[in-house]
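This report refers to the structure that appears directly beneath it.
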Amino acid sequence: MDKLIEWISGNYGWIVSLFIQGFIAYHVFFLSQRLSNRERLKHKESIKKKADELLSEIRRKKLNSEVYLVNINRYFKDYPSNKEKRFEGYSHIKAEIKTTRFDGIEFFAEMPREVYRKPDGRLSFKGNKKEHVFNAFPVGVVPYEWIEHVDTAGDEYAYVPLFYCHFKGRTNWRFWKQFLFFGYPYKQMLYYRLSDVYNERNDPMEMKYAYIDESISKS
10 MDKLIEWISG NYGWIVSLFI QGFIAYHVFF LSQRLSNRER LKHKESIKKK ADELLSEIRR
70 KKLNSEVYLV NINRYFKDYP SNKEKRFEGY SHIKAEIKTT RFDGIEFFAE MPREVYRKPD
130 GRLSFKGNKK EHVFNAFPVG VVPYEWIEHV DTAGDEYAYV PLFYCHFKGR TNWRFWKQFL
190 FFGYPYKQML YYRLSDVYNE RNDPMEMKYA YIDESISKS
């Protein structure tokens with residue numbers, strides 16, 4: 010015990026200095042976290058505002074909802090060349106903007122797919138004509154932080170709104186590519202169907218599609 014007290018006394022200045030440095034580092038870290046979150050929210054508000062304005066114009070003027078999701082990592086290299094690169098994906102892909110949500114923007118990503126109700130009650134993308142129940146619309150979600158910029162005017166190549174994104178999601182249309190951790194702009198893929206209760210005259214456009222909460226088997 011005496012040796013411990015002697016050691017503390019001899020290193021008192023060093024211990025105090027270490028404590029102060031740790032205290033400062035702790036507060037600097039959490040301050041930077043707060044600033045980082047504040048910047049993320051600011052970025053989200055900026056992207057969401059542009060997307061909402063675009064959606065409002067599309068619905069008001071009944072315009073085409075087609076957009077291009079541009080791979081920001083390839084944009085300054087070889088856009089608009091669109092030959093797929095194994096570890097980067099395409100330079101851009103077509104999509105149709107659907108709606109905004111709290112964590113990102115939804116885009117219709119692919120053509121509708123037929124869904125079947127199997128004898129055991131599960132839903133599947135494979136089946137016969139008698140088992141067909143509805144068509145599913147694949148919808149991809151791009152997080153706001155994956156979107157760097159939105160150009161609603163488009164360019165001389167596309168003439169449609171451009172969403173400059175980080176292609177950080179997994180590709181899902183080819184089996185072997187599902188093992189790559191990036192190359193696709195969607196963080197997750199959801200499925201919707203046409204709502205049975207939607208009224209075009211009275212209901213907002215968001216109610217046209219109903220989310221499918223049941224899992225759909227690929228076999």
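Sequential numbering of the sequence shown, starting at 10, is according to the working numbering. Note that the Cβ used here is the ideal one computed from N, Cα and C, for glycine as well.
### Query
Are the beta-carbon atoms belonging to residue 196 and residue 113 less than 9 Å from one another?
Residue mapping note: residue 196 aligns to position 187 of the sequence shown, counting from 1. Residue mapping note: residue 113 aligns to position 104 of the sequence shown, counting from 1. Going by C-beta atoms, residue 196 is nearer than 9 Å to residue 113.
### Task
Following the continuous beta strand (DSSP E) through residue 200, name the residue where it begins and the one where it ends.
Taking the sequence shown and counting its residues from 1, one reaches residue 200 at position 191. Where residue 200 is concerned, the enclosing beta strand (DSSP E) stretches over 197-203.
### Message
Once DSSP output is grouped into helix, strand and coil, what is the label at residue 96?
### Response
Position 87 of the sequence shown holds residue 96. Residue 96: coil per DSSP, three-state reduction.
### Task
Kindly list the residues whose CB is nearer than 6 Å to the CB of residue 115, restricted to its own chain and excluding five residues on each side of it in sequence; keep chain order.
By one-based count along the sequence shown, residue 115 stands at place 106. Excluding residues within five positions, the ones whose Cβ falls inside 6 Å are 107, 108, 148 and 150.
### Stretch pair the region 201-218 + the region 156-175: three plus CB contacts closer than 8 Å
Cβ pair count under 8 Å is below three, so no.
### Query
Which parts of the region 57-126 are runs of the alpha helix (DSSP H), unbroken and 4 residues or longer, counting only runs that do not cross its ends?
With a minimum length of 4 residues, the continuous alpha helix (DSSP H) runs that stay inside the region 57-126 are 81-87.
### Query
Looking only at C-alpha atoms, which of 53, 222 and 204 sits nearest to residue 215?
The residue labelled residue 215 in the question sits at position 206 within the sequence shown. The option with the nearest alpha carbon to residue 215 is 204.
### Query
Under the DSSP definition of a beta bridge, which residues are partnered with residue 148?
Here residue 148 refers to the residue found at position 139 when the sequence shown is read from its first residue. Note: residue 148 is bridge-paired with 117 and 199 in the DSSP secondary-structure output.
### Message
Less than 7 Å between C-beta atoms, sequence neighbours within five positions excluded: which residues of the same chain meet that for residue 59?
### Response
Against the sequence shown, residue 59 aligns to sequence position 50. Excluding its 5 nearest sequence neighbours in each direction, residue 59 has C-beta neighbours in its own chain below 7 Å: 159 and 161, listed in chain order.
### Query
So, is residue 130 buried or exposed, given that buried needs 16 or more other C-beta atoms within 10 angstroms?
As a first step, residue 130 is located in the sequence shown; it is residue number 121 there, counting from the start. Exposed, by the Cβ-count rule.
### Query
Given residue 142, which residues of its chain have a CB within under 7 Å of its CB, disregarding the five upstream and five downstream residues?
In the sequence shown, the residue the question calls residue 142 occupies position 133. Result list for residue 142: 124, 125 and 126, in chain order.
### Query
Excluding sequence positions up to five away, which residues of its chain have a Cβ less than 6 Å from the Cβ of residue 71?
Translated into the one-based positions of the sequence shown, residue 71 becomes position 62. Correct list: empty, nothing qualifies.
### Task
Reducing DSSP to helix, strand and coil, say where residue 55 ends up.
For the purposes of this step, residue 55 is taken as the residue at position 46 of the sequence shown. Here residue 55 sits in helix by DSSP.
#### Entry: Closest residue to residue 222 among 228, 145 and 178 (Cα-Cα distance)
Translated into the one-based positions of the sequence shown, residue 222 becomes position 213. Nearest to residue 222 by alpha-carbon distance, out of 228, 145 and 178, is 145.
### Message
Under DSSP, the beta strand (DSSP E) around residue 157 begins and ends at which residues?
### Response
Counting from one through the sequence shown, the residue named residue 157 turns up at place 148. Note, residue 157: beta strand (DSSP E), 156-160.
### Task
Within its chain, find whatever has a CB closer than 8 Å to the CB of residue 68; leave out the 5 residues flanking it on each side and keep chain order.
Mapped onto the sequence shown, residue 68 falls at position 59. Excluding sequence neighbours, residue 68 sits near 214.
### Message
Between which residues of its own chain and residue 157 is the CB-CB distance below 8 Å, once the five residues before and five after are set aside?
### Response
The residue given as residue 157 occupies position 148 in the sequence shown. So the list reads 81, 173, 174 and 175, once near-sequence residues are dropped.
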